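Asks:
Structure, rendered in structure tokens:
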């Protein structure tokens, strides 16, 4: 298939101008697009009219039907940065940091170029032209002009787009079903867990009677200058959030560790996230982890005798506790854990140790089955994403001869 570099084709190269998020207004007179919306709002190759934002601010640059929009700035990975969206109408205000590829009418079939931007081939070519440090990266029209694009006849482009449209519609439907099944599996377990603690007719005890509490140190105790290349680990919020104890980033020396020994974690402790949307997420400290302490964003809970740590863990993960902990935050923009004094007064169901162990065993059986199902559905979702990439590659390599060549 014939290949052409974009710089050699009849294309005007433009750039969006002005317009900030604060300029958006739901009832505004004018349609508009901000560069960030190309990632968050406009998920399909062709931008839909109903998805357009509005503003009362007149623009410095307006779209033409058939413009291809490529974001010029991103905080995502390089692979996620490279995307293109086609706009099918004139007069939409285009904000700054939007690269605008304006091809001569009839050069590309509708959606042809945006689909090509999703291929490995496009990424491999453009990767070298992405600039900037980790965190904020950029690409300009100068780099985009270097892209080589397969350029068959207009009719053949339309055929390729038609095949991709049909295949992607089938993939989207299958993916939506798998995502719903995944969501259902998670919600079913959450409902079961809530039922366990709601329906048990057990005595209740104050949380403070069941666990010892240690809130993480003040932030000033762990300034950047105390961290070392290796030594004793400083466990972070992410270890509670994701329930894993690898990916260790921060270390302190023995002197600092001894100074902060009160915050040391031991196998069988529970660590809890203390702020943000992940407030209340917990993990049980496993055997064999490196010696270390918690940081300021964690709470350490040490279960007392006659308390099964996994019984406490499952209660903390139930929607019952999650509602309690967020209610205490009072609807703050950034929820924070209340004082230990308040936490210690929270009532927790407390059957006998033998009964706790039986309940944990039953919960784990249901949880393992739930995880098995979640794994199946997640693999299906991942496989569909891989299928989409494979179809794209084949389409632009001229290997998809008919619409029936694609099966989901």
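In the working numbering, the protein residues as written are 79 to 486. A virtual CB, placed ideally from N, CA and C, is assigned to each residue, including glycine. This structure is a prediction, so every number in the text was calculated from the model and none was measured.
If you pair each beta-carbon of the region 253–265 with each one of the region 453–473, do three or more pairs fall below 8 Å?
Replies: yes
Asks: Considering only residues of the same chain and omitting the five flanking positions on each side of residue 308, which have a CB-CB separation below 6 Å?
Replies: Within its own chain, the residues whose Cβ lies closer than 6 Å to the Cβ of residue 308, once the five positions on either side in sequence are excluded, are 329, listed in chain order.
Asks: Apart from the five residues just before and just after residue 420, which ones in its own chain have a Cβ nearer than 7 Å to its Cβ?
Replies: 406
Asks: For residue 126, name the three-state secondary structure that DSSP assigns.
Replies: coil
Asks: CB-CB under 6 Å to residue 242, same chain, minus the five flanking residues each way: which ones, in chain order?
Replies: 193, 473
Asks: Got a sec? Which residues, its chain only, sit under 6 Å from residue 342 by beta carbon, not counting five neighbours each side?
Replies: 371
Asks: Do residue 146 and residue 94 count as a contact pair if the criterion is CB distance below 7 Å?
Replies: Contact: no.
Asks: Run the CB neighbour count on residue 423, radius 10 Å, all protein chains shown included, and call it buried at 16 or more, exposed below.
Replies: exposed
Asks: With DSSP as the reference, please indicate the residues paired to residue 350 in a beta bridge.
Replies: In the DSSP output, where bridge partners are listed per residue, residue 350 has 360, 377.
Asks: So what's residue 445 in DSSP terms, helix, strand or just coil?
Replies: The answer is helix: DSSP assigns residue 445 an H, G or I state.
Asks: According to DSSP, which residues form a beta bridge with residue 277?
Replies: Partner residues in a beta bridge of residue 277, as assigned by DSSP, do not exist.
Asks: Taking buried to mean at least 16 other C-beta atoms within 10 Å of its own C-beta, is residue 468 buried or exposed?
Replies: exposed
Asks: Less than 8 Å between the CB atoms is what I'm expecting for residue 83 and residue 182, so what's the real figure, rounded?
Replies: Beta-carbon to beta-carbon, residue 83 and residue 182 are separated by about 15 Å, too far to satisfy the 8 Å threshold.
Asks: Pull up the DSSP beta-bridge partners for residue 290, would you.
Replies: Note: residue 290 sits in a beta bridge opposite 380.
Asks: Who are the near neighbours of residue 369 in its chain, counting only those whose CB is closer than 6 Å to its CB and skipping five residues on each side?
Replies: 310
Asks: If you draw a straight line from the C-alpha of residue 217 to the C-alpha of residue 297, how long is it?
Replies: 38 Å
Asks: By how many angstroms is the C-alpha of residue 363 removed from the C-alpha of residue 236?
Replies: 57 Å
Asks: When you compare the CB positions of residue 172 and residue 139, do they come within less than 7 Å of one another, or not?
Replies: yes
Asks: Using the rule of at least 16 other Cβ atoms within 10 Å of the residue's Cβ for burial, across every protein chain shown, is residue 412 buried or exposed?
Replies: exposed
Asks: Which residue marks the beginning of the beta strand (DSSP E) containing residue 84, and which one marks its end?
Replies: Looking at the DSSP string, residue 84 is not in any beta strand (DSSP E), and its letter there is neither H nor E.
Asks: Which of the three DSSP states is assigned to residue 182 in this structure?
Replies: coil
Asks: Excluding five sequence neighbours on each side, which residues of the same chain lie with their C-beta closer than 8 Å to the C-beta of residue 85?
Replies: Setting aside the 5 residues that flank it on each side, residue 85 is surrounded in the same chain by 223, 224, each with a C-beta closer than 8 Å to its C-beta; the list follows chain order.
Asks: Going by DSSP, what residues sit across from residue 140 in a beta bridge?
Replies: Bridge partners of residue 140: 171.
Asks: Mind checking whether residue 427 and residue 278 have CB atoms under 7 Å apart?
Replies: yes
Asks: Cα separation between residue 280 and residue 322?
Replies: 31 Å
Asks: So with Cβ pairs under 7 Å, would you call residue 331 a contact of chain C?
Replies: In summary, chain C is missing from the structure at hand, where a single protein chain is found.
Asks: For the alpha helix (DSSP H) holding residue 209, just list the boundary residues, first then last.
Replies: Per DSSP, residue 209 belongs to no alpha helix (DSSP H) and is neither H nor E.
Asks: Under three-state DSSP, which class holds residue 305?
Replies: coil
Asks: So the alpha helix (DSSP H) residue 387 belongs to, where does it begin and stop?
Replies: 387–395
Asks: Which of the three DSSP states, helix, strand or coil, is assigned to residue 237?
Replies: helix
Asks: Between the beta-carbon of residue 459 and the beta-carbon of residue 256, is there less than 7 Å?
Replies: yes
Asks: Which residues in the same chain as residue 380 place their Cβ atom closer than 7 Å to its Cβ, once the five residues preceding and following it in sequence are excluded?
Replies: 289, 290, 347
Asks: Pull up the distance between the alpha-carbon of residue 109 and that of residue 136, whole angstroms please.
Replies: 10 Å
Asks: How big is the Cα-Cα spacing for residue 463 and residue 89?
Replies: Distance between the alpha carbons of residue 463 and residue 89: 32 Å.
Asks: Buried or exposed for residue 111, please, with buried defined as at least 16 other CB atoms from any protein chain shown within 10 angstroms of its CB.
Replies: With 16 or more other CB atoms across the displayed protein chains lying within 10 angstroms of its CB, residue 111 is buried.
Asks: When the distance is taken between beta carbons, is residue 353 closer than 7 Å to residue 319?
Replies: no
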